[in-house]
Amino acid sequence: MNHKSVVFSFFVSIMFAAAAGCAPTPEQVTPTLPPIVQVTAESSPTVQPTATLAPTVTPLPTATATPAPTATPFITPPAAGQAIVAPILMYHHLKYLEPNASEALQTWTVAPDQFAAQLDYLQQKGFHTITFKQLVEFFDNGAPLPTNPILLTFDDGWIDGYTVAFPELTKRGMVGNFFVPTQYADAGGELFMNWDQIREMDRAGMEIDGHTIDHADLNKANLDVLRRQLRASKQQMEQELGHPVYALSYPFGAFNAGVVAETEAAGYRAAVILCCGYELNSDILLTLPRIRISYNDPLSEIEKKLP
Numbered sequence: 028m029n030h031k032s033v034v035f036s037f038f039v040s041i042m043f044a045a046a047a048g049c050a051p052t053p054e055q056v057t058p059t060l061p062p063i064v065q066v067t068a069e070s071s072p073t074v075q076p077t078a079t080l081a082p083t084v085t086p087l088p089t090a091t092a093t094p095a096p097t098a099t100p101f102i103t104p105p106a107a108g109q110a111i112v113a114p115i116l117m118y119h120h121l122k123y124l125e126p127n128a129s130e131a132l133q134t135w136t137v138a139p140d141q142f143a144a145q146l147d148y149l150q151q152k153g154f155h156t157i158t159f160k161q162l163v164e165f166f167d168n169g170a171p172l173p174t175n176p177i178l179l180t181f182d183d184g185w186i187d188g189y190t191v192a193f194p195e196l197t198k199r200g201m202v203g204n205f206f207v208p209t210q211y212a213d214a215g216g217e218l219f220m221n222w223d224q225i226r227e228m229d230r231a232g233m234e235i236d237g238h239t240i241d242h243a244d245l246n247k248a249n250l251d252v253l254r255r256q257l258r259a260s261k262q263q264m265e266q267e268l269g270h271p272v273y274a275l276s277y278p279f280g281a282f283n284a285g286v287v288a289e290t291e292a293a294g295y296r297a298a299v300i301l302c303c304g305y306e307l308n309s310d311i312l313l314t315l316p317r318i319r320i321s322y323n324d325p326l327s328e329i330e331k332k333l334p
């Protein structure tokens, strides 16, 4: 019997006793209380203890170290004047040509399907696309630069930079550098990218760079014209984009010592020419070589042009 049962029995006995006291009997009956039962924590029968078996220990599996995720490898900044290998590929038009297209046109054009195949090839070979801003910051202060860096450049602001290059690069997580004459962007239309398109590309991670006002031959410009071509175009582009412009492509690849000096004075940190090579160092940031990609270049030919 548990504690509650004892208390209940006691209560019932008192009630019966009270009832008896009210009955018409000759003498008062003193109720007899039931014996008090000592309540213990357990009212169930005592169980004799038995030997407790020790729990079987299941051996734990041997812990093995989980390899940490492989970090993206980076190039160690070189000493002053030392070169890194970073090809800069040069594109202009991205469109299909007629079979009888001139050799000159083929020189500056790549078919869209060829371009897509070239991007796939570069990724398969382990190249990582970068911008001129990244390149400058690498040489300036040792900012991280991935291994096998490569820069993809697109001159003149043609509309196929927006309709072909931009989506193909974005699809693969790659970046490109687009050299745009400001007057061409002002015109827009069917031939050239307009500022809305250029800003969209800029926001998506593409780099937009200078190509003067109207693709002027800077070697032939007098000092006033040279400065206006370099500075006014850079100022307008920075106003359109809302941030600094880092690089310039010399129109026609034309430059001389005076042009280079004025380019630096205008605030450009890097500039590219038309030819040739892929070794870059801080001493040639304003005359960086490029590798031209043409219409009839098979992948085997591009492989020969790359390190």
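Residue numbers (my numbering): 28 to 334. All residues carry an ideal CB built from backbone N, CA and C; glycine is no exception.
Asked	Found
State the DSSP-derived secondary structure class of Tyr-189, mapped to helix, strand or coil.	helix
The ligand GDP and Ile-157: does the residue's C-beta get closer than 7 Å to at least one heavy atom of that ligand?	Within the structure as shown, the ligand GDP is missing, as the structure has no ligands at all.
Look up Met-228 in the DSSP assignment and say whether it is helix, strand or coil.	helix
Could you give the distance in angstroms between the alpha-carbon of Phe-282 and the alpha-carbon of Leu-275?	11 Å
So is Pro-335 buried or exposed if we call it buried at 16+ other beta carbons inside 10 Å?	Past the boundaries of the shown model lies residue 335; the chain is included only from 28 to 334, so the question cannot be answered.
Within the continuous alpha helix (DSSP H) that includes Ser-260, where are the two ends?	250-268
So Asn-204 is in the beta strand (DSSP E); what residue range does that whole segment cover?	204-207
So, helix, strand or coil for Ser-276, using DSSP?	strand
Exposed or buried, Thr-103, counting other C-beta atoms within 10 Å across all chains shown (16 or more means buried)?	exposed
Mind checking who Met-117 pairs with in its DSSP beta bridge?	Thr-180, Arg-319
Over what stretch of residues does the beta strand (DSSP E) that includes Ala-297 continue unbroken?	297-299
On the DSSP letters alone, give me the boundaries of the beta strand (DSSP E) that Gly-237 sits inside.	234-237
For Ile-311, which of helix, strand or coil comes out of DSSP?	helix
Val-137 bridges to which residues according to DSSP?	Leu-121
Determine whether the beta carbon atoms of Asn-186 and Pro-173 lie at a separation below 8 Å.	Residue identity check: residue 186 is Ile in the sequence provided, not Asn. No; because the gap between Cβ atoms is not below 8 Å, this pair is not in contact.
Taking Leu-253 and Val-286 to be in contact with their CB atoms under 8 Å, please state how far apart those CB atoms are, rounded to whole angstroms.	7 Å
Less than 8 Å between the C-beta atoms of Thr-290 and Ala-298, yes or no?	yes
With DSSP collapsed to three states, give me the class of Thr-93.	Only weak support exists for where Thr-93 lies, its pLDDT of 44 falling under 50; the value from the coordinates is given anyway. It is coil, neither helix nor strand.
Spell out a yes or no on whether the region 306-316 and the region 107-114 are touching, meaning 3 or more CB-CB pairs, one atom from each, closer than 8 Å.	yes
Assuming Tyr-273 and Tyr-295 are in contact, meaning their beta carbons sit under 8 Å apart, how far apart are those beta carbons, in whole angstroms?	7 Å
For a test of the three-state rule: what should DSSP assign to Thr-158, helix, strand or coil?	coil
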